[in-house]
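Residue numbers (full-length UniProt numbering): 1 to 122.
Notes for the one structure printed next.
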């Protein structure tokens, strides 16, 4: 397995698909990286030379924020909103949807499992 950005990417997959295993790199970004380095889209990770893996690693390190840095940055942005006590920060703090979705019904993913209310039986 090739190790890029602290992640062991699978060797039997195509390079573009394997790069998406890194947090912060999706299909579009992976395609840009492969095109920039002139690597064939059909190549698999196991067919890459050590020099090509090194090029990919250096490109990702210099041009993109991935893995731990990206997670930390996202967490700090959310923490900043919560410290400001703005509307978005309060919604994060309460565990409710942040972007204006309705909460009377739905929003179960954000609110968690439904809690039964005592005395509601007929």
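From the three backbone atoms N, C-alpha and C, an ideal C-beta is built for every residue, glycine too.
Would you give the residue range spanned by the beta strand (DSSP E) that residue i belongs to?
i         : result
residue 8 : 7 to 9
residue 4 : 2 to 4
Is it true that the CB of residue j sits closer than 8 Å to the CB of residue i?
i           : j          : result
residue 33  : residue 4  : no
residue 66  : residue 26 : no
residue 97  : residue 85 : no
residue 45  : residue 79 : no
residue 123 : residue 48 : Absent from the model: residue 123. The displayed extent of the chain is 1 to 122, so no value can be given.
Within 10 Å of its beta-carbon, does residue i have 16 or more other beta-carbons around it, so buried, or fewer, so exposed?
i           : result
residue 19  : buried
residue 2   : buried
residue 51  : exposed
residue 114 : exposed
residue 30  : buried
residue 117 : exposed
If residue i and residue j are in contact, beta carbons under 8 Å, what's the gap, nearest whole angstrom?
i          : j          : result
residue 7  : residue 21 : 6 Å
residue 36 : residue 59 : 7 Å
What span of residues does the alpha helix (DSSP H) with residue i cover, start to end?
i          : result
residue 55 : 50 to 63
residue 79 : 67 to 84
residue 15 : 15 to 19
residue 30 : 27 to 37
I'd like to confirm something about residue i: is its beta-carbon nearer than 7 Å to some heavy atom of the ligand MN, or not?
i           : result
residue 111 : Summarising the ligand content, the structure contains no ligands, and the ligand MN is consequently not present.
> What are the complete alpha helix (DSSP H) segments, minimum 4 residues, inside the UniProt region "Disordered" (95 to 122)?
Replying inline: 108 to 111
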